[in-house]
Every structure is written in C-alpha cells, then in structure tokens.
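The next block holds one structure in the form of structure tokens; read it before the comments.
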Amino acid sequence: MAAESCEINGYHIPKGSTLLVNVWAIARDPAEWADPLEFRPERFLPGGEKPNVDIKGNDFEVIPFGAGRRICAGMSLGLRMVHLMTATLVHAFDWALPDGLTAEKLNMDEAYGLTIQRAAPLMVHPRTRLASQAYKASSS
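Reading the sequence shown from the start, the letters are residues 46 to 185 in our numbering.
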C-alpha cells in the first residue's frame, strides 16, 4: 500500500493505493529472455542463457520467492527440497514416456491459478533402478 502519493515512470500513485507486482510478466520479459514463453530450464544451467541469475530476490529477471522484507520465509527449505526430491527421483528411477509419445510432443501449456501448473498432467512410467531390497525399510 502506498504510504504517500508519488509518481513512478509518469504514473501517479495516490496515497493508500494497493500495488501488485506481475511476477508472471517479469519472468517472461522478452527484453531479458530469448523465447520467454518457451519452457527451457537449461537457461539457468552453466553455459545457459542466464546461468548466474539470482532467484533469491536480488535480481529482477525472475523472482519466484518475492523480494525484500516480504520474501518467502520458506525459500531456503523450498530450494533444498527441490534439489533433494529431484536427485532422489533421478537416482532411484529410470523414466519413460508412454508408447508413441516423445518429448517434442509433450503439451507444455500452463493452467493458471494460485500457482502455475501444467494444463495436461504429465504421464510417465517410472521403473526402479535399484535392487528391490534397497527400497525396504531396515528393521533395526
């Protein structure tokens, strides 16, 4: 909420106005990203388009956790859990698409809501990679 009236980039903001940040549009700015509407997670990897972008609120190319004093309190936990779960799933399973489906044919359309999700659920076939006893809880 604006504590006082001000002007930003030629726009008058009256005192008491509630301002919302369009994070979706910021993360898809064509001035920052080549093909911004295309799902390309490799942009953030070494050698990618923006390998050193800061997702912790200091750079504004993409701000998934917000910024400033209202940044998401669960950011550190969320980042660690994504790494842990991804590593666990990659380590434990071989993944295959259903017969006749290739990565190029996947529907990557988004469904909008409180969070962005896939419009069509991803259907995959996981196959365990480890021996069956590795998945059993130890009885010690």
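Note that beta-carbon positions come from the ideal geometry of N, C-alpha and C, so glycine has one too.
Could you compute how far the alpha carbon of E94 sits from the alpha carbon of D80? Straight-line spacing of the CA atoms in E94 and D80 works out to 11 Å.
What's the C-alpha gap between V98 and R174? In this model, V98 and R174 are separated by some 34 Å (Cα to Cα).
Under 8 Å: do the stretch 105 to 117 and the stretch 130 to 150 share three or more Cβ pairs, one atom per stretch? Short answer: they don't touch.
Kindly list the residues whose CB is nearer than 7 Å to the CB of N152, restricted to its own chain and excluding five residues on each side of it in sequence; keep chain order. The residues are A164, A165.
Could you give the distance in angstroms between the alpha-carbon of W69 and the alpha-carbon of P96? When rounded, the distance between both Cα atoms is 20 Å.
Where W56 falls: helix, strand or coil (DSSP): It is worth fixing the name first, because residue 56 is Tyr in this sequence and not Trp. It is a strand residue.
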